[in-house]
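Single-structure report; data block below.
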């Protein structure tokens, strides 16, 4: 096979993968994992079911890929809301409130449950979480620097604790805990202060 034909195949393969992912993102945004069949996914993407397994390995793996794709897309809205906050307390509240209402959170929680019983999915979950944490750290570092704020914990630990609280709040809500996710004080996981407040605290 010539290099030109190989390049064409690579381009076609990438296009097929994008169509499958886009169709799956649309279907899984509104419907649960078990409610969507492989044949539906294939029809929506304009491909054969075996093309889905060729590109993603399984429906489960596609779901995990899509879950984090949806979450990372939603975090753009989350960061936009955070950038508008003018005080540490306002930012903590808006980040917690926005994160808990993002539709993708329930999809990711379902993906985490799938991975718990399927070790083959865990590398994909780990990769998705690493991207989420890294982007969150970058946002938080930039916001703290711009506003001259400070935080009482490592940035790495702060972002992981925040997202763990968000996922946990949704899980216990789905399990029937009264009050819903909003009853969990996710905002309290971020110990952010204005620099002068931190200095006053040290002086005292």
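In UniProt numbering, the protein residues as written are 1 to 204. Beta carbons: idealized from backbone N, C-alpha and C, even for Gly.
Asked, Found
"Is there contact between the stretch 53 to 68 and the stretch 24 to 35, where contact requires at least three CB pairs shorter than 8 Å?", "yes"
"Is it buried or exposed, residue 46, if we count other Cβ atoms within 10 angstroms and call 16 or more buried?", "exposed"
"Could you please give the first and the last residue of the uninterrupted beta strand (DSSP E) stretch that includes residue 193?", "192 to 194"
"Are the CB atoms of residue 165 and residue 141 nearer to each other than 8 Å?", "no"
"Going by DSSP in three states, residue 150 sits in which element: helix, strand or coil?", "strand"
"So, is residue 110 buried or exposed, given that buried needs 16 or more other C-beta atoms within 10 angstroms?", "buried"
"Could you name the residues of the same chain whose beta carbon sits closer than 7 Å to that of residue 159, not counting the 5 residues immediately before and after it, in chain order?", "133, 136, 137, 140"
"Going by other Cβ atoms of all chains shown within 10 Å of its Cβ, with 16 needed for buried, is residue 39 buried or exposed?", "exposed"
"Using 8 Å for Cβ pairs, my map puts residue 149 next to residue 96. What's the rounded Cβ distance?", "That belief does not hold up - the Cβ atoms of residue 149 and residue 96 are roughly 16 Å apart, past 8 Å."
"What do you reckon, are the CB atoms on residue 104 and residue 153 nearer than 8 Å?", "no"
"Rounded to whole angstroms, what is the Cα-Cα separation between residue 117 and residue 126?", "14 Å"
"Around the C-beta of residue 260, are 16 or more other C-beta atoms found within 10 angstroms, so that it is buried, or is it exposed?", "Limits of the chain in this structure are 1 at one end and 204 at the other, which puts residue 260 out of reach."
"Leaving out five residues on either side along the sequence, give the residues of the same chain with a beta carbon under 7 Å from the beta carbon of residue 48.", "42"
"In whole angstroms, what is the alpha-carbon distance linking residue 17 and residue 121?", "18 Å"
"Quick check on the DSSP output: the alpha helix (DSSP H) that includes residue 77 runs from which residue to which?", "59 to 84"
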